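K.L.:
If you scroll down you'll find the structure; I have some questions about it.
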Amino acid sequence: MSPQPITAASEAVIARGRAVTPGGVNSPVRAFRAVGGTPRVIREASGPWLTDVDGQRYVDLVGSWGPMILGHTHPDVLAAVTRAAARGFSFGTPSENEVLLAEEIVSRVAPVEQVRLVSSGTEATMSALRLARGATGRDVVVKFAGCYHGHVDALLAEAGSGVATLALPGSAGVPASSAGETLVLPYNDVAALEAAFAERGGEIAAVITEASPGNMGVVPPAPGYTEALRRVTAAHGALLISDEVMTGFRCSPSGWYGLETGPQGAHPGGYAGGAPDLFTFGKVMGGGFPAAAFGGRADLMARLSPDGPVYQAGTLSGNPVATAAGLATLRGCDDDLYRRLQQTADTVSTAASEALTQQGVPHTVQRAGSMFSIFFREGPVTDYAAAQGQDTAAFGRFFHAMLDGGVHLPPSSFESWFVSGAHDEAAVQVILDALPAAARAAASA
Ligand code: PMP
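Last residue of the sequence shown: 449 (this note's numbering), numbering continuous.
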């Protein structure tokens with residue numbers, strides 16, 4: 005038996021939070037609803053470590069849900085943020101960091117000629133969708149079950165991430181008119197895509213997909229699937245929007261796109277069939293601050309205000325501190341970092357799988373670059389229906405035993421685990437040491 009976790013201080017903060025904030029949290033997955041127990045209230049973070057208000061340390065495999073690719077409070081990022089903040093917090097005018105960050109993104113992802121900076125992934129996908137509708141003069145959007153693109157009205161149907169974690173069909177408050185313009189298709193199913201386009205191709209403005217889904221757990225595109233998305237959309241005059249908010253600058257120096265062209269070699273689920281029209285980015289490119297982007301070909305981006313008729317704006321867009329954090333983070337994302345991320349992901353995912361196998365726990369590990377997740381069912385998992393067929397109770401027991409062992413996993417089995425460049429031998433050893441008891445807990449139905 006592991007000792008009772010110490011959570012008195014976390015509980016006290018959460019209780020106060022509940023009085024003034026719904027559920028005591030500002031984003032639903034943080035509430036531990038799927039796994040039960042007390043969310044740990046974090047006081048500070050450094051490298052691979054989180055420290056909670058009870059003074060306990062955890063190895064962090066959440067990484068703020070993706071952004072913290074260099075680890076927490078990386079010295080270079082901290083220095084850049086401190087320098088930028090000392091010069092002013094927000095100007096509401098053009099500033100140089102915005103240009104530098106845009107140049108960095110454009111130089112890494114060749115089909116992206118221009119970007120517009122925004123403050124969240126949700127804004128990025130919402131704006132990309134508006135641009136696609138404005139450019140095509142069509143209203144319908146196709147999304148895939150289990151993909152999450154932020155809490156945009158049109159994109160919440162059968163979404164992954166928190167919508168999946170909380171087992172919701174979508175969200176109350178989405179107008180029927182908006183939901184009615186969204187077609188939800190099963191992921192990795194070319195026949196379903198072709199059938200939808202055969203029926204309504206002339207109405208479809210865009211297909212939006214996660215470049216490699218990570219919000220139903222990690223479910224990479226099957227060989228040729230991304231190519232099929234490109235072929236079918238192009239044939240019907242619809243745009244293809246690749247949401248790289250999670251994969252961007254995480255799967256390679258240039259994201260999922262880079263798996264096609266980068267040092268890791270072509271991925272059979274990559275963009276070989278031609279580049280998407282629009283991309284969305286977030287998470288890593290903000291380095292833990294609110295910065296995100298959407299971008300694509302210059303002729304498409306020219307339709308945005310002030311040059312074109314598609315309106316889009318933001319008081320804090322291109323914020324000088326957030327862009328400094330993003331720029332310093334991207335500059336730290338070199339080939340050596342990706343090599344180390346792959347190694348850490350290999351070590352952790354292999355050890356987790358071995359521990360679960362030893363206890364006879366049905367599971368499958370799926371990878372996309374250094375992103376990986378463990379489904380508590382036999383694999384392979386190629387779509388949302390299969391992801392939903394896992395034993396979430398077994399995951400909950402595993403999760404809490406890991407937490408008791410000093411490892412903070414994402415509190416849902418529908419999420420990717422994120423490693424960072426700061427996960428050194430000592431941090432990895434804590435994970436390896438926690439796994440046997442966690443696997444026993446998972447097995448102990
Ligand atoms: N798209 C994807 C693929 C995401 O993973 C997320 C967030 N998890 C979003 C969009 C939304 O980003 P944000 O939470 O910054 O609004």
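We put the CB at the ideal spot given by N, CA and C, even for glycine. Here the structure is a predicted model, which means the values were calculated and not measured.
(1) In the DSSP assignment, find the unbroken beta strand (DSSP E) run with Y62 in it and report its ends.
(2) Among the residues of its own chain, which have a CB less than 7 Å from the CB of T126, if the five just before and after it don't count?
(3) With 16 other CB atoms within 10 Å as the buried threshold, where does I10 fall?
(4) Which class does S377 belong to by DSSP, given the choice of helix, strand or coil?
(5) The ligand PMP heavy atoms versus the CB of N219: any closer than 7 Å?
(6) Excluding sequence positions up to five away, which residues of its chain have a Cβ less than 8 Å from the Cβ of V110?
(7) Report the rounded CA-to-CA distance for T386 versus G221, giving the unit in angstroms.
(8) Using the rule of at least 16 other Cβ atoms within 10 Å of the residue's Cβ for burial, across every protein chain shown, is Y315 buried or exposed?
(9) On the DSSP bridge assignment, give the partners of Q245 in chain order.
(10) Grouping DSSP H, G and I as helix and E and B as strand, with all else coil, what is I73?
(11) Thinking C-beta only, is L104 closer than 8 Å to L413?
(12) Mind checking who A372 pairs with in its DSSP beta bridge?
(13) Rounded to a whole number of angstroms, what is the C-alpha to C-alpha distance between A328 and N101?
(14) I want to know whether the stretch 227-243 touches the stretch 167-183 - three or more CB-CB distances under 8 Å.
(15) Which runs of the alpha helix (DSSP H) spanning at least 4 residues fall entirely within the stretch 284-332, listed in chain order?
(16) List, from N- to C-terminal side, the beta strand (DSSP E) runs of 3 residues or more that fit wholly inside the stretch 112-158.
(17) Can you give, in chain order, each stretch of the beta strand (DSSP E) that sits fully within the stretch 184-228 and has at least 3 residues?
(18) Work out the CA separation of R307 and S50 for me, nearest whole Å.
(19) Spatial neighbours of R401 within its chain, please: C-beta separation below 6 Å, excluding the five flanking residues on both sides.
(20) Return helix, strand or coil for D80, following the three-state DSSP convention.
(21) Please work out which residues of its chain come closer than 7 Å, Cβ to Cβ, to L74, disregarding the five sequence neighbours upstream and downstream, and give them in chain order.
(22) Inspect the beta-carbon positions of A90 and V146 and report whether they are closer than 8 Å.
(23) To the nearest angstrom, how far is the alpha carbon of A23 from that of V223?
(24) Please report the straight-line C-alpha distance between K287 and P440, rounded to a whole angstrom.
(25) Would you report the Cα separation of A163 and G174, rounded to the nearest angstrom?
(26) Less than 7 Å between C-beta atoms, sequence neighbours within five positions excluded: which residues of the same chain meet that for W421?
(27) CB G70 to CB M305, shorter than 8 Å?
(28) Who are S50's beta bridge partners in DSSP?
(29) If you run the structure through DSSP and keep just helix, strand and coil, what is V411?
(30) Does the distance from the C-beta atom of T55 to that of E48 stay below 8 Å?
(31) By Cβ distance below 7 Å, which residues in the same chain neighbour E382 in space, the five residues on each side in sequence not counted?
(32) Quick one: Cα of A161 to Cα of P190, how far?
(33) So for A19, helix, strand or coil by DSSP?
(34) In its own chain, which residues sit with a C-beta less than 7 Å from the C-beta of G138, not counting the 5 before and 5 after it?
(35) Hey, how far is the Cα of Y275 from the Cα of W260?
(36) Counting by C-beta, which residues lie closer than 5 Å to a heavy atom of the ligand PMP, in chain order?
P.N.:
Working from what's here:
(1) For the purposes of this step, residue 62 is identified with residue 58 of the sequence shown, where counting begins at 1. Looking at the DSSP string, the run of the beta strand (DSSP E) that includes Y62 is R61 to D64.
(2) Along the sequence shown, one-based indexing puts residue 126 at 122. G154, H155 and V156.
(3) By one-based count along the sequence shown, residue 10 stands at place 6. Using a 10 angstroms sphere on the CB of I10, the tally of other CB atoms stays under 16, which defines it as exposed.
(4) One-based indexing of the sequence shown puts residue 377 at position 373. DSSP places S377 in strand when its eight states are reduced to three.
(5) Translated into the one-based positions of the sequence shown, residue 219 becomes position 215. Yes, the beta carbon of N219 sits closer than 7 Å to at least one heavy atom of the ligand PMP.
(6) Position 106 of the sequence shown, counting from 1, holds the residue named residue 110. V116, E117, Q118, V119 and G299, listed in sequence order.
(7) Your numbering for residue 386 matches position 382 in the sequence shown. Your numbering for residue 221 matches position 217 in the sequence shown. Between T386 and G221, the C-alpha separation is close to 10 Å.
(8) As a working mapping, residue 315 is identified with position 311 in the sequence shown. Per the 10 Å Cβ criterion, exposed.
(9) Counted from its first residue, the sequence shown places residue 245 at position 241. The question names Gln, but residue 245 is Ile in the sequence shown. By DSSP's assignment, I245 forms a beta bridge with I212 and L282.
(10) Within the sequence shown, the letter at position 69 stands for residue 73. Correct three-state label for I73: coil.
(11) Along the sequence shown, one-based indexing puts residue 413 at 409. Along the sequence shown, one-based indexing puts residue 104 at 100. No, Cβ-Cβ distance for L413 and L104 is not below 8 Å.
(12) Here residue 372 corresponds to residue number 368 of the sequence shown, with the count starting at 1. Paired residue(s): M375.
(13) By 1-based counting over the sequence shown, the position of residue 328 is 324. By 1-based counting over the sequence shown, the position of residue 101 is 97. So the two alpha carbons sit approximately 6 Å from each other.
(14) no
(15) 302-305
(16) 118-122 and 144-148
(17) 186-189 and 208-214
(18) For the purposes of this step, residue 50 is taken as the residue at position 46 of the sequence shown. For the purposes of this step, residue 307 is taken as the residue at position 303 of the sequence shown. Their Cα atoms are separated by approximately 42 Å.
(19) For the purposes of this step, residue 401 is taken as residue 397 along the sequence shown, with counting starting at 1. For R401, where only same-chain residues beyond five positions count, the Cβ hits under 6 Å are A445 and A446.
(20) Within the sequence shown, numbered from 1, the residue matching residue 80 stands at position 76. The answer is helix: DSSP assigns D80 an H, G or I state.
(21) If you number the sequence shown from 1, residue 74 lands on position 70. Excluding positions up to five away in sequence, the list reads V81, T333, G336, S424, G425 and A426.
(22) Position 86 of the sequence shown, counted from the start, is the residue given in the question as residue 90. Position 142 of the sequence shown, counted from the start, is the residue given in the question as residue 146. Not closer than 8 Å, so no.
(23) Here residue 23 refers to the residue found at position 19 of the sequence shown. Here residue 223 refers to the residue found at position 219 of the sequence shown. Separation of A23 and V223 (C-alpha to C-alpha, rounded to the nearest whole angstrom) is 38 Å.
(24) Within the sequence shown, the letter at position 283 stands for residue 287. Within the sequence shown, the letter at position 436 stands for residue 440. Rounded to whole angstroms, K287 and P440 show a C-alpha spacing of 32 Å.
(25) On the sequence shown, position 159 is the one that residue 163 refers to. On the sequence shown, position 170 is the one that residue 174 refers to. The alpha-carbon atoms of A163 and G174 are separated by roughly 7 Å.
(26) In the sequence shown, counting from the first residue as 1, residue 421 sits at position 417. Answer for W421: L65, F376, S377, L413 and P414, listed in chain order.
(27) Against the sequence shown, residue 70 aligns to sequence position 66. Against the sequence shown, residue 305 aligns to sequence position 301. No, the pair does not count as a contact, with Cβ atoms beyond the cut-off.
(28) The sequence position of residue 50 within the sequence shown is 46, counting from 1. Answer by DSSP bridge pairing, in chain order: W53.
(29) Taking the first residue of the sequence shown as position 1, residue 411 is located at position 407. In the structure shown, V411 falls within a strand segment according to DSSP collapsed to helix, strand and coil.
(30) As a working mapping, residue 55 is identified with position 51 in the sequence shown. As a working mapping, residue 48 is identified with position 44 in the sequence shown. Yes, they are a contact pair.
(31) As a working note, residue 382 is residue 378 in the sequence shown. Here the set comprises P366 and T368.
(32) The count along the sequence shown starts at 1 and reaches residue 161 at position 157. The count along the sequence shown starts at 1 and reaches residue 190 at position 186. Approximately 12 Å between the Cα atoms of the pair.
(33) In the sequence shown, residue 19 corresponds to position 15, counting from 1. Assigned with DSSP and collapsed to three states, A19 falls in helix.
(34) Position 134 of the sequence shown, counting from 1, holds the residue named residue 138. Contacts found: R307, P313 and V314.
(35) Here residue 275 refers to the residue found at position 271 of the sequence shown. Here residue 260 refers to the residue found at position 256 of the sequence shown. Y275 and W260 have their C-alpha atoms roughly 9 Å apart.
(36) Listed along the chain, these residues meet the criterion: S124, G125, T126, H153, G154, E214, D247, V249, M250 and G286.
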